[in-house]
Amino acid sequence: DVGVCWRKEREVGRDEVGATGHTVVLVDQTEDILAKSRQGIEDSLRKVAKKKFAENPKAGDEFVEKTLSSISTSTDAAAVVHSTDLVVEAIVENLAVKNELFKRLDKFAAEHTIFASNTSSLQITSIANATTRQDRFAGLHFFNPVPLMKLVEVIKTPMTSQKTFESLVDFSKALGKHPVSCKDTPGFIVNRLLVPYLMEAVRLHERGDASKEDIDTAMKLGAGYPMGPFELLDYVGLDTTKFIMDGWHELDVKDPMFQPSPALNKLVAEKKLGRKTGEGFYKYK
Numbered sequence: 160d161v162g163v164c165w166r167k168e169r170e171v172g173r174d175e176v177g178a179t180g181h182t183v184v185l186v187d188q189t190e191d192i193l194a195k196s197r198q199g200i201e202d203s204l205r206k207v208a209k210k211k212f213a214e215n216p217k218a219g220d221e222f223v224e225k226t227l228s229s230i231s232t233s234t235d236a237a238a239v240v241h242s243t244d245l246v247v248e249a250i251v252e253n254l255a256v257k258n259e260l261f262k263r264l265d266k267f268a269a270e271h272t273i274f275a276s277n278t279s280s281l282q283i284t285s286i287a288n289a290t291t292r293q294d295r296f297a298g299l300h301f302f303n304p305v306p307l308m309k310l311v312e313v314i315k316t317p318m319t320s321q322k323t324f325e326s327l328v329d330f331s332k333a334l335g336k337h338p339v340s341c342k343d344t345p346g347f348i349v350n351r352l353l354v355p356y357l358m359e360a361v362r363l364h365e366r367g368d369a370s371k372e373d374i375d376t377a378m379k380l381g382a383g384y385p386m387g388p389f390e391l392l393d394y395v396g397l398d399t400t401k402f403i404m405d406g407w408h409e410l411d412v413k414d415p416m417f418q419p420s421p422a423l424n425k426l427v428a429e430k431k432l433g434r435k436t437g438e439g440f441y442k443y444k
């Protein structure tokens with residue numbers, strides 16, 4: 160769970176943003192977490208540099224060091240937010256926790272500072288309402304793994320100003336991303352289409368209509384998907400998918416696309432969450 164603050168001189172949110180000439184303050188709860196995050200960023204940068212500067216290792220080292228010099232860290236978001244142009248929040252998917260964070264930062268941030276949430280499932284409007292800057296609040300949804308995925312969903316609430324929206328579109332482009340726009344609707348674009356598809360695959364398997372292996376193979380060979388739905392569920396995390404579905408079910412208990420899955424719920428209850436725990440729909444070594 161990472162909070163990122165960007166300064167006016169152009170600071171960003173991970174190895175990629177630092178690599179595009181921005182200056183970023185990476186904020187998290189402890190120095191230990193920050194140290195691990197910074198090491199992860201450095202490891203990622205060195206992989207990029209090895210490919211990008213294959214014939215000039217020295218230039219690769221300089222690229223890594225220059226990028227790292229653009230990234231500083233802090234455990235006190237309120238202390239650094241006063242000098243930032245953009246705050247991107249990516250903490251735990253809990254509305255109350257997000258609201259508490261933004262309500263506090265709202266008191267310390269400059270008048271022009273834009274707030275954005277990287278939430279994949281919560282309503283942006285509900286988070287923005289915790290602040291006094293609803294016109295300078297939007298969604299900025301990146302996709303994992305961020306260094307490789309070009310897409311960014313820019314979510315505009317009814318209160319988001321056109322200036323704020325355009326600033327976030329321009330920022331996304333400056334990162335080398337391809338921004339798309341969406342209203343503040345559950346799941347935005349990708350997850351609104353993707354999650355019901357994943358859940359329908361689970362229901363297909365629950366009914367005994369096909370094995371999970373055959374469903375995965377069918378979607379990879381028949382639809383050209385790089386991963387089948389069960390492989391993707393395990394990659395994303397079954398707890399994450401369940402959290403999204405539970406939230407959507409609360410919004411509309413009658414919508415058949417938002418119905419819970421007994422099989423998914425059972426695996427989550429057993430702490431079989433996918434790749435991160437070594438077992439989900441499949442087992443991993």
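Taking this note's numbering, the leading residue of the sequence shown gets 160, the next gets one more, and so forth.
Backbone N, C-alpha and C fix where the C-beta goes; we use that ideal spot for every residue, glycine too.
task = Just confirm the distance between the C-beta atoms of P419 and D398, as a whole number of angstroms; I'd bet it's less than 8 Å.
result = Incorrect: roughly 13 Å between the Cβ atoms, too far for contact.
query = Ends of the beta strand (DSSP E) at F274?
reply = I273 to S276
request  = Taking only the alpha-carbon atoms, compute the straight-line gap between L357 and E214 and give it to the nearest angstrom.
outcome  = 43 Å
request  = Check T344 in the structure and name its three-state DSSP category.
outcome  = coil
key: Cβ pair L204, V223 closer than 8 Å   = yes
query = What's the C-alpha gap between K442 and L264?
reply = 42 Å
key: H364 (DSSP reduced to helix, strand or coil)   = helix
ask   = Got a sec? Which residues, its chain only, sit under 8 Å from D411 by beta carbon, not counting five neighbours each side?
value = F417
request  = Evaluate the contact criterion for the segment 250-269 versus the segment 380-395: three or more CB pairs, one atom per stretch, below 8 Å.
outcome  = no
key: Helix, strand or coil at I230 according to DSSP, with G and I counted as helix   = strand
ask   = Nearest CA to the CA of S331: which residue from P317, F440 and V305?
value = V305
request  = Name the residue from D191, S276, V240 and K309 whose alpha carbon lies nearest to the alpha carbon of Q293.
outcome  = S276
request  = Mind listing, in chain order, the continuous beta strand (DSSP E) runs of no fewer than 3 residues lying wholly within the segment 276-353?
outcome  = 296-301, 310-315 and 337-342
query = In terms of DSSP beta bridges, what is G383 paired with?
reply = In DSSP, G383 forms no bridge with anything.
key: L327 to S229 span [Cα, whole Å]   = 20 Å
inquiry  = In the DSSP assignment, the beta strand (DSSP E) including L432 goes from what residue to what residue?
reply    = Looking at the DSSP string, L432 is not in any beta strand (DSSP E), and its letter there is neither H nor E.
query = Do you know offhand how far L432's Cα is from V239's?
reply = 35 Å
task = Could you check which residue in D202, E221 and V251 has the C-alpha nearest to that of D187?
result = V251
query = How long is the line joining the alpha carbons of H300 and I314, rounded to whole angstroms?
reply = 8 Å
key: Inter-residue Cα distance where the pair is I200 and F302   = 16 Å
ask   = Buried or exposed: G335, going by 16 or more other Cβ atoms within 10 Å of its Cβ?
value = exposed
inquiry  = Using a Cβ-Cβ distance cut-off of 8 Å, determine whether K262 contacts chain E.
reply    = The structure shown contains no chain E, having only a single protein chain.
ask   = If T376 sits next to G387, beta carbons under 8 Å apart, how far is it from one beta carbon to the other, in whole angstroms?
value = 7 Å
Outcome for G437 when other beta-carbon atoms lying within 10 angstroms are tallied against a minimum of 16 = exposed
query = Taking the Cβ atom as the reference point for each residue, do F212 and V246 lie within a distance shorter than 8 Å?
reply = no
query = Do T316 and T272 come within 8 Å of each other at the CB atom, strictly closer than that value?
reply = no
inquiry  = Within a Cβ cutoff of 6 Å, which residues of the same chain sit near A208, ignoring the five residues on either side of it in sequence?
reply    = G219, F222 and V223
ask   = What's the call for E270, buried or exposed, on a 16-neighbour Cβ count within 10 Å?
value = exposed
query = Cα separation between T232 and A249?
reply = 15 Å
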